[in-house]
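Visitor: Mapping to our numbering: the sequence shown position 187 is 190, numbers consecutive.
Every residue, glycine too, gets a C-beta built ideally from N, C-alpha and C.
Given the structure is predicted, the values throughout are model-derived calculations rather than measurements.
Let me begin by handing over the structure; questions about it come next.
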Amino acid sequence: MERLYLILNREGIPLAQAVLESPPGAEVVQMRLLQEDDDTDYIKVGEVQLIGLDNSMTSKRGVVTMQRGPRLVIRPGEVLGAQARENLRIQTDFESVMYPVSGFWKGQRPIQGHDLSCGGLAFHTERALKSNEVVQVVLPVTDSPLLLKLRILRELPTEKPWPLYAGRFVDLCLDEEVMIRKAVFSIQVSRPRAAKA
């Protein structure tokens, strides 16, 4: 099974997906980029973050020391905790619905996705929500749509007419976590390439 990683720059902006080709824990990390047309100069990027798709994979910082075509050599540095994977946030745009769990309202309300992370979701909705309210949202960007519980953390500033809320997923099982992470990775890969160096 391929060990899939997402490569981010030091600011946390996703750059590419890559497969780890060296053994875990090796002194030098060798990665193979999955995008054949990637023209990013990773030597200039310098410090990167390597975020593993699977919970068993170690996420870490490193410095790119060599680049040959789709292959990178990275000198590993600090090991990153599970927080790095949870904080990985991708802008997204999807239409879906939410349902009440806390009982403050009834029925179904439309939502518009704003961004998605492995730990939560930011979305627009036309009606006000309360902090700490729990809702169920249908997440349509995973391989199969997921019905997930989300605790509303706060309202965020926005220029759009509908309020923008940030929420954190609650009571996720391991399979749901992996499906969300895969969706975050695949959304990143489907983005048009931009100048990133």
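Relative to the C-alpha of S134, which candidate in R171, D146, E162 has its C-alpha closest?
Guide: Answer by Cα proximity: R171.
Visitor: Mind pulling the beta strand (DSSP E) runs of 3 or more residues that sit fully within the region 126–189?
Guide: 137–142, 149–159, 167–173, all fully within the region 126–189.
Visitor: Going by Cα to Cα distance, which pick from H127, R112, P113 is closest to L119?
Guide: Taking only the C-alpha atoms, the option nearest L119 is H127.
Visitor: Just how far apart, CA to CA, sit L156 and A169?
Guide: Straight-line Cα distance between these residues: approximately 6 Å.
Visitor: With V48 and M101 assumed to form a contact (beta carbons below 8 Å), what rounded beta-carbon distance in angstroms separates them?
Guide: The Cβ separation is near 38 Å, so there is no contact.
Visitor: Would you kindly check if the distance between the Cβ of V51 and the Cβ of I93 is under 8 Å?
Guide: Contact: no.
Visitor: From this set, E179, L53, E129, which residue's C-alpha is nearest C121's C-alpha?
Guide: Here the closest residue by C-alpha is E179.
Visitor: Counting along the chain, where does the alpha helix (DSSP H) carrying V48 start and finish?
Guide: That run of the alpha helix (DSSP H) goes 45–48.
Visitor: Tell me which residues share the same chain as P195 and place their Cβ nearer than 6 Å to its Cβ, disregarding the 5 neighbours each side in the sequence.
Guide: Confidence is the limiting factor: at P195 the pLDDT is only 48, short of 50, which leaves the residue's position unreliable, though a coordinate-based value still follows. So no residue of the chain qualifies.
Visitor: Measuring only the C-alpha atoms, how far is P73 from V144?
Guide: The alpha-carbon atoms of P73 and V144 are separated by roughly 28 Å.
Visitor: Cα separation between R6 and K152?
Guide: Answer to the nearest angstrom: the Cα atoms are 29 Å apart.
Visitor: Beta carbon of E81, beta carbon of F107: below 8 Å?
Guide: Their beta carbons are not under 8 Å apart, which means E81 does not touch F107 by this criterion.
Visitor: Among V76, L23, L150, which residue has its Cα nearest to the Cα of V173?
Guide: If we check each option's Cα against that of V173, L150 comes out closest.
Visitor: Name the residue from L159, A19, S105 whose alpha carbon lies nearest to the alpha carbon of S189.
Guide: Cα-wise, what sits closest to S189 is A19.
Visitor: Considering only DSSP beta bridges, list what Q38 is partnered with.
Guide: Looking at the DSSP assignment, Q38 forms no beta bridge with any residue, so it has no partner.
Visitor: For R35, I'd like the list of residues in its chain whose CB is within less than 7 Å of its CB, leaving aside the five on either flank, ordered along the chain.
Guide: Answer for R35: A21, V22, E24, P73, R74, listed in chain order.
Visitor: Going along the chain, which residues of its own chain have a beta-carbon closer than 7 Å to the beta-carbon of V141, five neighbours each way excluded?
Guide: Excluding positions up to five away in sequence, the list reads S99, V100, P148, L150.
Visitor: Run the CB neighbour count on A131, radius 10 Å, all protein chains shown included, and call it buried at 16 or more, exposed below.
Guide: By the neighbour-count rule (16 or more Cβ atoms within 10 Å), A131 is not buried but exposed.
Visitor: Write down the C-beta distance between S59 and L83 rounded to the nearest angstrom, noting that I regard them as a contact closer than 8 Å.
Guide: 14 Å between Cβ atoms; not a contact.
Visitor: With DSSP collapsed to three states, give me the class of N58.
Guide: Coil at N58, not helix or strand.
Visitor: For E129, I'd like the list of residues in its chain whose CB is within less than 6 Å of its CB, leaving aside the five on either flank, ordered along the chain.
Guide: Answer for E129: W165, listed in chain order.
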